[in-house]
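In my numbering, each residue carries its 1-based index in the sequence shown increased by 287. Ideal Cβ placement from N, Cα and C applies to all residues, glycine included. Predicted model, so just to flag it, every value in this text is computed and none were measured. Here is the structure we will look at, set down as C-alpha cells.
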Amino acid sequence: MKYTCADYRIEMILVSLRQRLKQEDLNEAEKQDIILQIEKIEAAMELD
Numbered sequence: 288m289k290y291t292c293a294d295y296r297i298e299m300i301l302v303s304l305r306q307r308l309k310q311e312d313l314n315e316a317e318k319q320d321i322i323l324q325i326e327k328i329e330a331a332m333e334l335d
C-alpha cells in the first residue's frame, strides 16, 4: 500500500482533532462533535 498525500492529510486532521479535544474551553456539544469526527476518520482508516 502506498502512503499518499491524502493519507497524510487525513492523519494530520486526526492529530489536530485530538489536540482540540484536550482543550479545556470546549463545551459538551463541541466535545461530542469532535469525538464523532474522530470516530468517523478512524473508521475510514480502519483504526478501530
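Anticipated Cβ contact below 8 angstroms, I300 with I328, distance rounded: I300 to I328, Cβ: 7 angstroms. Contact.
Spatially closest choice to L304 from A293, E326, E333 and T291, by CA coordinates: Looking at the Cα atoms, E326 is the closest of the given residues.
heavy atom of the ligand MG below 6 angstroms from V302 C-beta: This structure lacks the ligand MG; in fact it carries no ligand of any kind.
Euclidean distance between Cα positions of A293 and N314: Their backbone Cα atoms lie some 30 angstroms apart in a straight line.
Terminal residues of the alpha helix (DSSP H) in which K309 lies: It is not in any alpha helix (DSSP H) - K309 carries neither H nor E in the DSSP assignment.
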